[in-house]
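Trainee: Position one of the sequence shown corresponds to residue 915 (the numbering used here), numbered consecutively onward. All C-beta atoms in this analysis are idealised placements derived from N, C-alpha and C, irrespective of residue type, glycine included. Starting off with a structure, shown below.
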Amino acid sequence: MFLHIDIDSFFVSAERSVDPGLKNIHMAVGGRSNLEIFNKKRIHIKLMNDNSGAFVAPVFYSDRQKSFRSVFVEKVGDREKIRGIVTTSSYEARACGVKTAMPIAQALQICPKLVVVASNYPLYHRLSHQIHQFIQMRIPSLEQYSIDEFFGDVSGWIAEEDVYVFALQLQQEILERFDIPVSIGISKAKWIAKLATEFAKPFGVYRVKDIDAFIEDIPIEKFPGIGRGFQKRLESYSIHKLGDIKRRKTLFYSWKKPGIELYHRVTGSDNEAISRRSERKSIGISRTFDPITDADEVKRRVMIMARHIVYMVMAIEVNPTRYYLKINYEYGLREKQTRTIDRIFSEALFKSELSEMYNAVFHPDRGAVKLSLNVSNFTSNHPKTLSFLELDSDMKQERLTKHLQDLRGRFGLDIIKTGSEL
Ligand SMILES: [Mg+2]
């Protein structure tokens, strides 16, 4: 039997657990695109690297200001503008029409009594980690699926007829211990358990006994992994309900692996197990800003983001061999480049490759509005032989990067920059 445990409106619940005054009110957690890393005058940045698992972005800033005004209100000329978007909203606010990704200004318009607090990621990651450890003691076969979701397999651990009561107790224990509400879905198939959780929310436990009957009338877009694009495609085949999928086995099999996988997940016949180590597969960072045409400034930003990636790579001790850079321009244009570099990762190597990639994708006549950097294909996941041609110098660079890592860990990420960033 699988349990899918999902924290109810996680960021909101986390804020409420440290400030009970936020309970039972219309509230939301809001966020802003963090452009602070490009600030040349930035000082006093301390890193918090609590290394609490696969979903941690290991770089946090402790100079975050808490008040609504300082985070979300910006002076534009002589007027004030509310910036930012809703990250999570309370059930009270949702009843008012407030939704995730809605601009905060709009949310306040439709729900004037809404209280918006700035997101506090260190708190969320700490809680996520503590709750993970707590559930792990109750369910040894556990997978952390996202920052606020867990799959547990209790087969051979809890008798089938006791699973429902076990889930109720676990839910109660998490509430008492952390003051955090969770919902739990139960099924003999992993993805059906996840789907069931949607019917348990908020603060419920839902057990699926008959998978066929359960899925029959559920709209396809409710199923994890069916996005807008795929939904449209399925609808063009008159597939609207999960029950329709079950009746179109031949069609799904004609779509090869992704189709076959989805078919079995939807029908609960996938036999997928808990994946014990939800390893991180890539490290990425992206920033959106007002259009920039100055080549030096765009490159400076690429290099700053590169330094943050280097820090994360070193913090979780992986060796990425695939580098990715994308620049989005105004009017929806974009350029990207990917390189496979089978060498020992170091800051110097990464920045020199990026520099060449940058030259290939930057267009001075267009305004750059977004940068995305990503590294993946860690050697631990994709065993391969690293190039020995540059081995000596690569190892030297690696030692240097480790040394920088040590200094940055102690004194902050801004303590050492390279020439290309200044
Ligand atoms: Mg959740």
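I'd like to confirm the pairing. Which residues does DSSP put opposite GLY1099 in its beta bridges?
Mentor: Beta-bridge pairing links GLY1099 to HIS918 and TYR1120.
Trainee: Identify whether MET941 lies in helix, strand or coil by the three-state DSSP scheme.
Mentor: Looking at MET941 - three-state DSSP - the assignment turns out to be strand.
Trainee: Can you tell me whether PHE924 sits near ligand 1, meaning its C-beta is under 6 Å from at least one heavy atom of the ligand?
Mentor: PHE924 Cβ: within cutoff of ligand 1.
Trainee: Check the DSSP bridge columns for ARG1248 and list the partner residues they point to.
Mentor: Looking at the DSSP assignment, ARG1248 forms a beta bridge with ASN1242.
Trainee: Does ASP1308 pass the burial test, meaning 16 or more other C-beta atoms within 10 Å, or should it be called exposed?
Mentor: ASP1308 should be labelled buried.
Trainee: Around the C-beta of VAL990, are 16 or more other C-beta atoms found within 10 angstroms, so that it is buried, or is it exposed?
Mentor: Result: exposed.
Trainee: Opposite ASP992 in the DSSP bridges: which residues?
Mentor: Answer by DSSP bridge pairing: none, since ASP992 is not bridged.
Trainee: Could you please give me the residues that DSSP links to ILE999 through a beta bridge?
Mentor: Paired residue(s): GLY945 and PRO1017.
Trainee: Using a Cβ-Cβ cutoff of less than 7 Å, which residues in the same chain neighbour LEU1148 once the five nearest sequence positions on both sides are dropped?
Mentor: ILE1134, listed in sequence order.
Trainee: Would you list the one or two residues that DSSP bridges to PHE1292?
Mentor: PRO1234, per the DSSP bridge assignment.
Trainee: When you compare each of LEU917, TYR1059 and VAL1224 to TRP1071 by their alpha carbons, which one comes out closest?
Mentor: It is LEU917 whose Cα lies nearest to the Cα of TRP1071.
Trainee: According to DSSP, is THR1254 part of a helix, a strand, or is it coil?
Mentor: In this structure, THR1254 counts as strand in the three-state DSSP scheme.
Trainee: Tell me the residue span of the alpha helix (DSSP H) that contains ALA1081.
Mentor: Looking at the DSSP string, the run of the alpha helix (DSSP H) that includes ALA1081 is 1077 to 1092.
Trainee: DSSP has GLU1063 in a bridge; who is on the other side?
Mentor: Beta-bridge pairing links GLU1063 to ASP920 and SER1060.
Trainee: Taking just the CA atoms, how far does LYS1310 sit from ILE1197?
Mentor: So the two alpha carbons sit approximately 23 Å from each other.
Trainee: Taking the CB atoms as reference points, tell me whether GLY945 and THR1001 lie closer together than 7 Å.
Mentor: Taking 7 Å as the Cβ cut-off, GLY945 and THR1001 qualify as a contacting pair.
Trainee: I need the straight-line Cα distance from ILE1018 to ALA928, nearest angstrom please.
Mentor: C-alpha separation (whole angstroms): 19 Å.
Trainee: On the DSSP bridge list, what partners appear for TYR1030?
Mentor: Sequence inspection shows Val at residue 1030; the Tyr mentioned does not correspond to that position. Answer is ALA942.
Trainee: Runs of 4 residues minimum, wholly inside the segment 1105 to 1165: which ones carry the alpha helix (DSSP H) assignment?
Mentor: Fully enclosed alpha helix (DSSP H) runs of 4 or longer: 1125 to 1129, 1142 to 1149 and 1156 to 1160.
Trainee: Where DSSP assigns a beta bridge to LYS1170, which residues make up the other side?
Mentor: According to DSSP, LYS1170 bridges with nothing at all.
Trainee: Would you mind reading off the limits of the alpha helix (DSSP H) that contains ARG1040?
Mentor: That run of the alpha helix (DSSP H) goes 1035 to 1052.
Trainee: Just to confirm, is the Cβ distance from GLY1182 to ALA1103 under 7 Å?
Mentor: Taking 7 Å as the Cβ cut-off, GLY1182 and ALA1103 qualify as a contacting pair.
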